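Numbering (UniProt numbering), first residue to last: 1 to 545. Below is one structure, written out as structure tokens; the observations come after it.
Have a look at this one:
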């Protein structure tokens with residue numbers, strides 16, 4: 001017979017008798033925020049936010065630098081390796097997020113499955129990441145505007161900052177619909193440029209010249225990094241492209257951050273997660289492969305960071321093929337992608353800050369909601385840091401974009417590594433408590449724990465070698481060194497400081513409240529109706545189904 005808790009959550013008598021009161025109270029307290037915010041995001045919104053929402057300048061601008069420094073094959077391998085590793089992160093985030101669909105994503109899972117101190121440390125790491133990522137996209141938008149007109153960048157930085165803030169402060173459903181439209185444009189652009197590259201490669205361009213794999217033969221599939229000869233130079237060129245790949249994929253793991261604002265999250269999140277790997281291969285890996293066929297790695301527009309959108313390999317490909325109208329169309333859609341990525345970043349950052357405030361890891365003022373049930377104080381803090389974009393007024397916009405990109409990449413790596421570590425605690429906690437993940441959880445990720453161990457090892461290696469170029473004789477650069485390693489001591493200091501201050505302990509495997517979360521999930525199952533299965537041709541929809 002169902003019973004009621006003080007907070008109004010229905011619990012079975014069996015649940016009440018098998019779960020310690022303290023654990024259940026903690027679980028209920030954490031889930032109260034679901035009733036404070038509005039669930040305005042549908043499955044199609046979550047699908048698009050998960051993939052296309054984070055497609056921005058990392059793919060459309062950063063891929064050009066990857067080809068210039070690594071060559072077409074080096075860039076292709078780099079984006080493929082990072083894509084496979086981050087797929088492992090997305091899968092495990094989907095598994096934990098389906099069980100714990102709360103705002104803040106990973107920082108909430110760390111609270112339940114690892115240690116409140118790591119939740120605190122990575123929470124502020126992610127806030128820091130988005131404080132920097134948003135102005136990076138705004139600077140990129142001002143770079144893209146220069147394709148048509150050159151005026152004071154302060155104008156465009158102000159315009160895009162206001163647009164991003166206005167979008168973030170209204171009901172999340174409005175953001176979802178706007179992001180759905182932008183994401184559709186980005187997907188159509190990616191499909192279009194890949195088809196354009198295929199036609200150009202086969203000789204269907206205005207000049208009728210068949211290219212094939214010509215640029216893979218001359219100047220070659222790899223680039224000798226910093227002029228270092230032989231296989232070492234080629235390997236270092238490939239390794240350098242991984243940093244571009246990290247920035248391009250940054251945020252793709254954040255499918256569960258708006259979990260409390262998602263309808264039927266335990267059905268929507270797994271469906272979105274299972275399609276991520278395919279979409280990574282289609283949108284990222286295929287795009288870098290195709291553009292590597294039609295743009296040589298020694299093209300001067302790739303090598304010269306002019307601070308304008310002319311360095312985008314997609315625009316360069318259209319120029320080289322003699323397609324006169326395509327560059328402006330491509331640039332216009334890339335411009336919307338920068339705005340879109342800024343929107344996604346402010347959504348993720350504000351929900352993380354809100355989730356931290358709910359659990360006491362950030363000042364309680366960040367829990368305040370406006371009449372649209374949006375955390376407006378958290379959004380305002382992120383808005384203040386948009387002013388970092390004005391640094392481009394004293395330096396070239398492309399240079400500032402490069403600094404911000406490197407900081408985002410290293411913060412993302414730290415986040416991915418912590419995600420893998422938290423999941424491994426969750427996985428071995430299930431094993432210790434005799435829980436059958438495939439039978440008892442809302443959804444279980446495949447290939448575990450091997451996929452997660454492989455991804456974690458790869459991320460640690462990337463973290464240690466992030467500033468490798470500064471250790472090459474004659475190439476020391478203090479700015480690169482600091483941006484590559486500054487996050488490591490900061491996160492460690494946050495973790496150890498909070499641990500000593502609050503005297504927290506790593507949760508023992510047998511004490512992780514997985515049983516309580518499962519029973520809470522079972523009590524809520526009737527409140528989350530499953531989407532009816534698609535029929536006929538609708539089953540073939542792979543973009544937003």
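Backbone N, C-alpha and C define an ideal beta-carbon position, used for all residues, glycine too. Fair warning: this is a prediction, and the values are worked out from it, not measured in the lab.
To the nearest angstrom, how far is it from the Cα of residue i to the Cα of residue j?
i           : j           : result
residue 345 : residue 393 : 23 Å
residue 413 : residue 55  : 17 Å
residue 200 : residue 193 : 10 Å
residue 102 : residue 385 : 25 Å
residue 72  : residue 364 : 49 Å
residue 217 : residue 290 : 15 Å
residue 420 : residue 241 : 22 Å
residue 410 : residue 61  : 18 Å
residue 284 : residue 83  : 8 Å
residue 226 : residue 233 : 7 Å
residue 117 : residue 162 : 35 Å
residue 229 : residue 244 : 22 Å
residue 507 : residue 499 : 13 Å
residue 178 : residue 273 : 21 Å
residue 347 : residue 382 : 10 Å
residue 415 : residue 204 : 44 Å
residue 518 : residue 429 : 13 Å
residue 7   : residue 366 : For residue 7, the predicted model reports a pLDDT of 32, less than 50, meaning its position is unreliable; a value from the coordinates is still stated below. Going from the Cα of residue 7 to the Cα of residue 366 covers about 22 Å.
residue 408 : residue 326 : 31 Å
residue 77  : residue 89  : 19 Å
residue 180 : residue 501 : 43 Å
residue 462 : residue 371 : 44 Å
residue 352 : residue 271 : 22 Å
residue 91  : residue 154 : 40 Å
residue 487 : residue 318 : 39 Å
residue 560 : residue 495 : Because the chain is modelled from 1 through 545, residue 560 falls outside the range shown and cannot be assessed.
I believe residue i touches residue j by the beta-carbon criterion, under 8 Å. Please report the beta-carbon distance rounded to the nearest angstrom.
i           : j           : result
residue 361 : residue 120 : 5 Å
residue 110 : residue 122 : 6 Å
residue 339 : residue 160 : 6 Å
residue 253 : residue 86  : 6 Å
residue 221 : residue 296 : About 11 Å separates the two Cβ atoms, so there is no contact after all.
residue 349 : residue 131 : 7 Å
residue 294 : residue 74  : Actually they do not touch by this definition, with Cβ atoms about 17 Å apart.
residue 138 : residue 342 : 6 Å
When burial is assigned at 16 or more other CB atoms within 10 Å of the CB, is residue i buried or exposed?
i           : result
residue 357 : buried
residue 436 : exposed
residue 124 : buried
residue 452 : buried
residue 466 : buried
residue 478 : exposed
residue 287 : buried
residue 405 : buried
residue 300 : exposed
residue 473 : exposed
residue 148 : exposed
residue 605 : The requested residue 605 is not part of the displayed model; the chain covers only 1 to 545.
residue 457 : exposed
residue 156 : buried
residue 167 : buried
residue 503 : exposed
residue 469 : buried
Would you mind reading off the limits of the alpha helix (DSSP H) that contains residue i?
i           : result
residue 546 : Residue 546 lies beyond the residue range present for the chain, which begins at 1 and ends at 545; the question has no answer from this structure.
residue 319 : 313-321
residue 340 : 326-358
residue 247 : 230-249
residue 511 : Premise fails: residue 511 is in no alpha helix (DSSP H) and is neither H nor E.
residue 159 : 153-169
residue 72  : 62-99
residue 125 : 116-145
residue 487 : 487-502
residue 440 : 437-440
residue 216 : 214-217
residue 450 : 450-464
residue 293 : 286-294
residue 379 : 376-384
residue 277 : 276-279
Run the proximity test for residue i: is its beta-carbon closer than 7 Å to any non-hydrogen atom belonging to the ligand HEM?
i           : result
residue 489 : Among the ligands in the structure shown, none appear at all, so the ligand HEM cannot be discussed.
Should the region 197-217 be regarded as contacting the region 329-348, the criterion being three or more beta carbon pairs within less than 8 Å?
no
Evaluate contact between the region 415-430 and the region 443-463, counting only Cβ atoms and requiring at least three cross-stretch pairs below 8 Å.
yes
At least 3 beta-carbon pairs within less than 8 Å: the region 506-515 vs the region 433-447:
Touching, yes, given that three or more Cβ pairs across the two stretches are closer than 8 Å.
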